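This report refers to the structure that appears directly beneath it.
Numbering (the numbering used here), first residue to last: 319 to 914.
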């Protein structure tokens, strides 16, 4: 596609964003009417609406639900009953959630048209980016994408992650080849089921094209950092391949070998020497800028729990590459885009696109505080839901969606805060997942509070040239009173002469109490007054422990693309793995401050 056609295509996409957001209320009403027209005869809606397709009847009669409410219908479809249980169009596949935030993976029904909606969102990203960074059509993108081997339901429907579904679809494989879709990774490498072979070939491709790469990234920040770790362990082998012009014999996937043979057409010792000189440095600070000197930004999800990885990404890029978070999506539905992609990661806000689904919101609080409903599964009165265009600036909400594929007033579980509006469409900051908490007694620690407290405490490591690269937690109730356990993996910068020094117990104790001082009022009351929660403990684990944890969860069914380190651990096997790698530990030396 030539430059003028690309420019026109981008203009059309931006105009469509304006059209949708200027008439957000009308678009939402049209979407809900279309869903009811398509799905009004389904068993699920008929149960509540008795055949009516009226919008007001829907809002009055159809309840707000969680997965446990719709799961029986989904399971019936998975075992062979008709799609008309929940949707008027055939269910073509079941999409698996990552399964790492809330236990067992959930199955979400998906229809063919859902791929069109996802592709619509993907097609908005480059027109938005081109408003802020010029010349992105003059090179390649090194985006590291992965699939997971799919399963089948008892009736033969594919059951796979939303990203696997997209990468294996014609929408991706038959996409228009233009300058903005020029990836270093061959499709065959992306579609390789062996994640290690896929990673190897994608990194090799990125290194071969290192002087053409303008964009770096992966879906999640954690996946991109995993790639850097993989590169640290395997750069020697990759250099040997480039130097010899032959692919490492451990890469056995036929499609990978075929596509890489077209890349490694001849030996290139000078390129191998360049890469070897860079990778052999003692410190890898700024390695991304050295290996890919023309790169202009890193694209990955860095919101919510992924914010933990920002310091590591900044370390490997020396803070020279903007961290870009482009879109907000889930297995249930794609929601919106970031219209200011170069903003600080802490300020990322997503404009919800009113044509994706029908949006409603449960009001949680406002003015800097949000109220946690202690019973996440509790009933929400229908008249308490707020429409998309009626949310209030500064308020906190839980997202509720109604989709074409058969989810009705379904609680996504995400807590969002309204930060502004683009025309009539609200812009939301992602705060956290509601169901990721630590609890011993009356205390309820959510993901955001945990992250904020650890962010404050890890600053104590900086004078020691140490960096907290990963963490998780566990509510240990094996003793009375129970207590919070934090597992920390700490990186020392090898370029500093004192980097090998062990962190002493006193420093870890100070980190413990720093975390506790930042936790909420109820937690500190339980610790200092009620004595129903014991002193917080930090266990420092060996380098590479969290990669082993990721491998464990992938082995249990998680997707490498969608994997996020769980911020609280409930699996006994995962705890056993973490505890087997502990090299130091400490408890809070005193109670946190608490004033009645």
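The beta-carbon is built from N, C-alpha and C at its ideal position, and this holds for glycine as well.
No experiment lies behind these values; they were computed from the predicted model shown.
Can residue 727 and residue 708 be called in contact, C-beta distance under 9 Å? In the chain shown, residue 727 corresponds to position 409, counting from 1. In the chain shown, residue 708 corresponds to position 390, counting from 1. Not in contact: residue 727 and residue 708 (Cβ atoms no closer than 9 Å).
Considering just the uninterrupted stretch of the beta strand (DSSP E) at residue 748, what are its terminal residues? Position 430 of the chain shown, counting from 1, holds the residue named residue 748. Taken as a continuous stretch (DSSP letters only), the beta strand (DSSP E) holding residue 748 covers 743 to 751.
As assigned by DSSP and simplified to three states, the class of residue 674: Position 356 of the chain shown holds residue 674. DSSP places residue 674 in coil when its eight states are reduced to three.
Report yes or no: do the region 546 to 564 and the region 488 to 499 share at least 3 C-beta pairs separated by less than 8 Å? no
Starting from residue 608, trace the alpha helix (DSSP H) in both directions and tell me its first and last residue. Reading the chain shown from its first residue, position 290 is the one you call residue 608. 605 to 609 is the span of the alpha helix (DSSP H), which, as asked, contains residue 608.
4-residue-minimum alpha helix (DSSP H) runs that sit fully inside the region 500 to 578, ordered along the chain: 505 to 508, 513 to 526, 539 to 562
Between residue 673 and residue 345, which are expected to be in contact by the criterion C-beta below 8 Å, what is the C-beta distance as a whole number of angstroms? Position 355 of the chain shown, counted from the first residue, corresponds to residue 673. Position 27 of the chain shown, counted from the first residue, corresponds to residue 345. About 6 Å; that satisfies the 8 Å criterion.
Stretch-stretch touch, CB-based, cutoff 8 Å, three pairs: the region 832 to 849 with the region 879 to 896: no
By DSSP, does residue 322 sit in helix, in strand, or in coil? On the chain shown, residue 322 is found 4 positions in, with the first residue counted as 1. Residue 322 falls in the helix class under three-state DSSP.
Could you compute how far the alpha carbon of residue 822 sits from the alpha carbon of residue 594? The sequence position of residue 822 within the chain shown is 504, counting from 1. The sequence position of residue 594 within the chain shown is 276, counting from 1. Approximately 36 Å, taken between the alpha carbons.
Rounded C-alpha distance that separates residue 640 from residue 745: To locate residue 640, count along the chain shown from 1; it is residue 322. To locate residue 745, count along the chain shown from 1; it is residue 427. Cα to Cα, the separation comes out at about 21 Å.
Measuring alpha carbon to alpha carbon, tell me which of 794, 792, 770, 810 ends up nearest residue 779. Taking the first residue of the chain shown as position 1, residue 779 is located at position 461. Ranking 794, 792, 770, 810 by Cα distance to residue 779 puts 810 first.
What number of angstroms, rounded off, separates the C-alpha of residue 511 from the C-alpha of residue 519? Start at 1 with the first residue of the chain shown, and residue 511 comes out as number 193. Start at 1 with the first residue of the chain shown, and residue 519 comes out as number 201. As the crow flies, the alpha-carbon of residue 511 is around 12 Å from that of residue 519.
Which residue marks the beginning of the beta strand (DSSP E) containing residue 726, and which one marks its end? As a first step, residue 726 must be located in the chain shown, where it is residue number 408. Unbroken run through residue 726: none, as it is neither H nor E.
Can the beta-carbon of residue 335 be found closer than 9 Å to that of residue 608? As a working mapping, residue 335 is identified with position 17 in the chain shown. As a working mapping, residue 608 is identified with position 290 in the chain shown. For residue 335 and residue 608, no; Cβs fall outside 9 Å.
From the DSSP output, which residues share a beta bridge with residue 822? Reading the chain shown from its first residue, position 504 is the one you call residue 822. Answer is none; residue 822 lacks a bridge partner.
Give a yes or no on whether the C-beta atoms belonging to residue 274 and residue 650 are separated by under 9 Å. With the chain covering only 319 through 914, there is no way to say anything about residue 274.
Those runs of the beta strand (DSSP E) which lie wholly inside the region 375 to 439 and span at least 3 residues: 409 to 414, 425 to 429
Which partner residues does residue 274 have in the DSSP bridge list? The shown model of the chain, from 319 to 914, leaves out residue 274, and the question about it has no answer.
Give the straight-line distance between the Cα atoms of residue 386 and residue 774, rounded to the nearest whole angstrom. Here residue 386 refers to the residue found at position 68 when the chain shown is read from its first residue. Here residue 774 refers to the residue found at position 456 when the chain shown is read from its first residue. One C-alpha to the other measures close to 37 Å.
Locate the alpha helix (DSSP H) running through residue 894, then write down its first and last residues. Mapped onto the chain shown, residue 894 falls at position 576. Here the alpha helix (DSSP H) through residue 894 covers 890 to 897.
Could you spell out the range, first to last residue, of the beta strand (DSSP E) harbouring residue 871? Stepping through the chain shown from its first residue, residue 871 is reached at position 553. According to the DSSP assignment, residue 871 belongs to no beta strand (DSSP E) but to the alpha helix (DSSP H) extending over 863 to 873.
Can you name the start and end residues of the alpha helix (DSSP H) that residue 773 belongs to? In the chain shown, the residue the question calls residue 773 occupies position 455. In this chain, the alpha helix (DSSP H) harbouring residue 773 covers 765 to 775.
Use the C-beta contact count for residue 798: other C-beta atoms within 10 angstroms, 16 or more gives buried, fewer gives exposed. If you number the chain shown from 1, residue 798 lands on position 480. By the 10 Å Cβ count, residue 798 comes out exposed.
Going by C-alpha to C-alpha distance, which of 499, 539, 566, 620 sits closest to residue 514? Counted from its first residue, the chain shown places residue 514 at position 196. Minimum Cα distance to residue 514 is reached at 566.
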